[in-house]
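Down below is the structure, laid out as structure tokens.
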């Protein structure tokens, strides 16, 4: 029997009556796992959990956030081979290629953590004598992260690390072809001490879970990598709530 996996909402494991199969691309007869096919209502619960967790997480200093992400980085490095095996099982890359992706993700994560403590504001000249004008950087709020199957660890790391270092709470939806490595990344962050609700992991169809995310009024930013068609639709939907979008479409960012 294939393993039954779960999503994570507000730090709790979440199952669903509806599931979908993930299959080994090298042997499509092998079902590697059953995953929750969450509903739009489940997705809204994840957004609400992130919204509740955001004020405390966003109020932490960048150095406090960095300590948690550094610990997650160490855990991932210790589990390097397990992460690579998961990529090979789901994505079909050779183990050598998968190890290369893990190493690349770890390098990017380390760089982004250190950049995150350099989120400086600036002072600017004022037209008024004796007046100091300055700007500071503040978190956006709740961010939706939607990642592709072709780089199932590198891309989520590239998106989630700066979002979390910036003090945002996140909803992470991996590609349905490669959910396991996304779950492993999420659990490493939680094991490192990420507070409940700061990162919520959801799986399901783009038409239900994805649409519920990008149209939710409490989602303030969306980072997406995938097809031009889907990216264009996300941009159109996000415009209705004035959510910021970061789109890498058709292999060109």
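In the numbering used here, the protein residues as written are 1 to 253.
From the three backbone atoms N, C-alpha and C, an ideal C-beta is built for every residue, glycine too.
Item checked: In DSSP terms, what residue 20 is bridged to -> 35
Checklist line | Beta-carbon separation (whole angstroms), residue 217 vs residue 241, contact threshold 8 Å | finding: 5 Å
Next item on the list: Have a look at 227, 152, 215, 192 and flag the residue whose alpha-carbon is nearest the alpha-carbon of residue 87.
Entry: 152
Notebook entry, point to check: In angstroms, rounded to a whole number, what distance separates the CA positions of residue 142 and residue 125?
Noted result: 33 Å
Margin query: Give me the DSSP bridge partner(s) of residue 244.
Written below: 221
Next item on the list: Would you mind giving the Cβ-Cβ distance between residue 23 and residue 32, rounded to the nearest angstrom? I have them listed as a contact below 8 Å.
Entry: 6 Å
Item checked: Rounded straight-line distance, which links the Cα of residue 66 to that of residue 114 -> 8 Å
Notebook entry, point to check: Enumerated in chain order, which unbroken segments of the beta strand (DSSP E) with a length of 3 residues or greater are wholly contained in the region 167 to 216?
Noted result: 169 to 173, 199 to 201
Next item on the list: Compute the Euclidean distance between the alpha carbons of residue 192 and residue 168, then round it to the nearest angstrom.
Entry: 17 Å
Notebook entry, point to check: Are residue 225 and residue 155 touching if we call contact CB-CB under 8 Å?
Noted result: yes
Checklist line | Cβ separation of residue 170 and residue 50, assumed to be a contact under 8 Å, to the nearest whole Å | finding: 7 Å
Check: Assuming residue 121 contacts residue 136 under a Cβ cut-off of 8 Å, what Cβ separation, rounded to an integer in Å, is found between them?
Finding: 4 Å
Margin query: Output needed for residue 144: all residues of its chain with C-beta closer than 6 Å, excluding positions within five of it in sequence on either side, in chain order.
Written below: 171, 213, 219, 222
Next item on the list: Just confirm the distance between the C-beta atoms of residue 77 and residue 157, as a whole number of angstroms; I'd bet it's less than 8 Å.
Entry: Rounded, the Cβ-Cβ distance is 12 Å, inconsistent with contact.
Item checked: Option in 200, 59, 83, 1 with minimal Cα separation from residue 21 -> 1
Item checked: For residue 63, three-class secondary structure by DSSP -> helix
Next item on the list: Per DSSP, which residues does residue 12 bridge with? Please list them.
Entry: 9
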